[in-house]
Amino acid sequence: MRIPAIVMAGAALTLGLAACGSSGDGGSGGTSSGGGDIKIGMSVSTLNNPYFVQLRSGAEAEAKKEGVTLTVTDAQNDASQQVNQVQNFTSQNMKAIIVNPVDSDAAAPAVKAADRVKIPVIAADRGVNGAEVAQTVASDNVAGGKLAAQELAKQLGEKGDVVVLQGTAGTSASRDRGQGFAEGIAAYPNIKVVAKQPADFDRTKGLDVMTNMLQSNQGITGVFAENDEMALGAIKALGAKAGQQVKVVGFDGTPDGLKAVQAGTLAASVAQQPSLLGQQAVQAAVKAAKGETIDKTVAVPVKVATKENVADFQ
């Protein structure tokens with residue numbers, strides 16, 4: 003989905019930060035890194051997902067440590083609203099902007115606008131397509147998808163029919179996790195992916211999509227959900243089958259996801275470190291705001307959380 007430039011420009015003039023969603027202030031506490039009066043804007047795709055709440059918390063903690071002011075807005079999974087937020091940050095002359103894209107393509111024009119006035123942009127958790135950012139800090143989602151395939155294959159004894167619950171179309175996270183899973187599961191010829199369908203990284207949609215999938219795929223033995231929220235929805239749809247006849251593997255390692263792993267209804271989750279992602283995004287934004295050189299990409303490691311090792315992640 004691409005947002006017309008005229009629409010973006012008009013919306014940016016009429017919408018203030020008050021209309022952009024919730025905001026938080028990282029504060030101007032300690033000055034261990036000499037942050038001074040550096041102001042950073044951060045647009046998060048949605049704060050209705052516990053994973054991104056953790057991302058924000060990590061960013062806010064790091065902003066306080068760095069002694070910089072962080073303003074956080076919630077795009078509420080609306081790509082056009084996020085464009086408005088980033089453009090508002092640009093017009094307010096923020097020293098740096100962090101964007102966690104709703105849509106990796108739709109974010110590009112606003113990122114380009116910031117770049118034109120020399121405001122560095124950090125992409126967090128998801129990349130931006132078609133625009134230059136100062137840094138992308140994200141989990142290695144392709145590697146994570148492969149780990150999910152390997153773990154699901156192990157849980158299934160390397161045979162069976164599986165379905166995939168996909169994330170929001172247009173996000174790099176969904177694309178990369180799906181790619182990694184497809185590459186990983188191809189190593190197991192006796193496992194067949196019988197259906198794929200988006201559920202937009204949402205728990206309720208995961209429940210609905212899984213319910214519909216079960217009507218035409220009653221013999222499935224495995225599910226890969228591209229995040230824990232969809233996995234938890236799938237588990238609810240599966241009922242008593244979850245963890246027994248049907249093995250479900252999620253992605254993120256959220257608190258609720260890890261509880262389900264511990265309970266045995268979720269076979270595994272590819273655990274990310276959202277707080278660390280937020281922390282590193284702010285670190286990069288501060289350095290970029292000061293004109294320091296930073297790496298173009300930073301990959302945060304992922305690990306598989308199972309019932310055997312879940313305590314290590316809690």
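Residue 3 is where the sequence shown starts when you use my numbering, and the numbers rise one by one after that.
Backbone N, C-alpha and C fix where the C-beta goes; we use that ideal spot for every residue, glycine too.
Source: prediction; values computed, not measured.
Could you give the first and the last residue of the continuous beta strand (DSSP E) run that contains G252?
Within the sequence shown, residue 252 is the residue found at index 250, counting from 1. Unbroken beta strand (DSSP E) run through G252: K249 to D254.
Step through the CB atoms of chain B and report whether any lies within less than 8 Å of the CB of Q285.
Reference to chain B is not applicable here, since this structure consists of a single protein chain.
What residue does the alpha helix (DSSP H) around A184 start on, and which one ends it?
-> As a first step, residue 184 must be located in the sequence shown, where it is residue number 182. Segment S174 to I187, the alpha helix (DSSP H) holding A184.
- On the three-state DSSP scale, how would you describe K198? As a first step, residue 198 must be located in the sequence shown, where it is residue number 196. In this structure, K198 counts as strand in the three-state DSSP scheme.
*asked:* Along the chain, where does the beta strand (DSSP E) containing Q320 start, and where does it finish?
replied: Since the first residue of the chain shown is 3 and the last is 316, residue 320 is not available in this structure.
- Query: Under 8 Å, do G147 and Q181 count as touching if we go by C-beta distance?
  - Reply: Taking the sequence shown and counting its residues from 1, one reaches residue 147 at position 145. Taking the sequence shown and counting its residues from 1, one reaches residue 181 at position 179. Result yes, Cβ atoms of G147 and Q181 sit closer than 8 Å.
_Rounded to whole angstroms, what is the Cα-Cα separation between L268 and V251?_
Here residue 268 corresponds to residue number 266 of the sequence shown, with the count starting at 1. Here residue 251 corresponds to residue number 249 of the sequence shown, with the count starting at 1. Spanning the two alpha carbons is a distance of roughly 6 Å.
Per DSSP, cross-strand counterpart(s) of D76: Position 74 of the sequence shown, counting from 1, holds the residue named residue 76. Bridge partners of D76: V46.
Practice problem: Please check the pair A242 and V225, which I expect to be a contact at CB under 8 Å, by giving their CB distance rounded to whole angstroms. | Solution: As a first step, residue 242 is located in the sequence shown; it is residue number 240 there, counting from the start. As a first step, residue 225 is located in the sequence shown; it is residue number 223 there, counting from the start. No, A242 and V225 are not in contact; Cβ-Cβ is about 15 Å, not under 8 Å.
Inset, instruction - Check whether the Cβ atoms of V248 and A307 sit closer than 8 Å, and answer yes or no. - result: Along the sequence shown, read from residue 1 onward, the residue named residue 248 stands at position 246. Along the sequence shown, read from residue 1 onward, the residue named residue 307 stands at position 305. Cβ distance not < 8 Å, so V248 and A307 don't count as in contact.
- Query: Quick one: Cα of V1 to Cα of Q152, how far?
  - Reply: Residue coverage of the chain in this structure runs from 3 to 316, which leaves residue 1 outside it and unanswerable.
When you compare the stretch 184-196 with the stretch 123-133, are there three or more beta-carbon pairs, one atom per stretch, that lie closer than 8 Å?
no
Worksheet entry | contact_flag[the stretch 213-225, the stretch 155-172] where n(CB pairs < 8 Å) is 3 or more | yes
Specify whether the stretch 131-144 and the stretch 87-96 touch according to this definition: at least 3 beta carbon pairs, one from each stretch, less than 8 Å apart. no
For S24, which residues of its own chain have a beta-carbon under 8 Å away from its beta-carbon, when the five flanking residues on both sides are left out? Working through the sequence shown from its first residue, we reach residue 24 at position 22. Its pLDDT being 37, under 50, S24 is placed unreliably by the model, and the measurement read from it follows with that caveat. So the qualifying residues of the chain are L49, V74, T75 and D76.
Among L216, L234 and V113, which has the Cα closest to the Cα of A81?
Taking the sequence shown and counting its residues from 1, the one referred to as residue 81 is at position 79. It is V113.
Q. From K305 to G132, what distance separates their C-alpha atoms?
A. Here residue 305 corresponds to residue number 303 of the sequence shown, with the count starting at 1. Here residue 132 corresponds to residue number 130 of the sequence shown, with the count starting at 1. Each residue's Cα considered, the two are about 30 Å apart.
_Other residues of its chain near E185: CB distance less than 8 Å, five sequence neighbours each side excluded_ = Indexing the sequence shown from 1 puts residue 185 at position 183. Closer than 8 Å at the Cβ level, and outside the excluded window around E185, lie V144, G147, K148 and A151.
- Three-state class that DSSP yields for D117 in the structure shown: Mapped onto the sequence shown, residue 117 falls at position 115. Here D117 sits in helix by DSSP.
Next item on the list: Have a look at Q199, N95 and K261 and flag the residue whose alpha-carbon is nearest the alpha-carbon of P122.
Entry: For the purposes of this step, residue 122 is identified with residue 120 of the sequence shown, where counting begins at 1. Of the listed residues, the one whose Cα sits closest to P122 is N95.
Worksheet item: How would you label E62, buried or exposed, when you count the other beta carbons within 10 angstroms and need 16 or more for buried?
Response: Your numbering for residue 62 matches position 60 in the sequence shown. That one is buried.
- Proximity to A233 [Cα-Cα], best of S218, S277, L278 and F203: Your numbering for residue 233 matches position 231 in the sequence shown. With distances taken between Cα atoms, A233 lies closest to F203.
| Where K292 and K156 are concerned, what is the direct C-alpha to C-alpha distance, given to the nearest angstrom? | Translated into positions along the sequence shown, residue 292 becomes position 290. Translated into positions along the sequence shown, residue 156 becomes position 154. The alpha-carbon atoms of K292 and K156 are separated by roughly 48 Å.
With a threshold of 6 Å on Cβ separation, who are the neighbours of M215 within its own chain once the five nearest residues in sequence on each side are excluded? Counted from its first residue, the sequence shown places residue 215 at position 213. So the qualifying residues of the chain are V165 and A197.
For S106, which residues from the same chain have a beta carbon less than 7 Å from its beta carbon, with the 5 sequence-adjacent residues on both sides left out? As a first step, residue 106 is located in the sequence shown; it is residue number 104 there, counting from the start. If we look at S106 and ignore the five residues flanking it on each side, its Cβ neighbours are R128, G129, V130, N131, G172, T173 and S174.
Which runs of the beta strand (DSSP E) at least 3 residues long sit entirely within the stretch 223-274? Give them in chain order.
224-227, 249-254 and 270-273
Closest residue to I99 among D254, V312 and A283 (Cα-Cα distance)
Position 97 of the sequence shown, counting from 1, holds the residue named residue 99. Residue A283 is the option with its Cα nearest to I99.
Quiz item: If you drop the 5 nearest sequence neighbours on each side, which residues of the same chain put their C-beta closer than 7 Å to that of E231?
Solution: Within the sequence shown, residue 231 is the residue found at index 229, counting from 1. Excluding positions up to five away in sequence, the list reads N51, F203, D204, R205 and G208.
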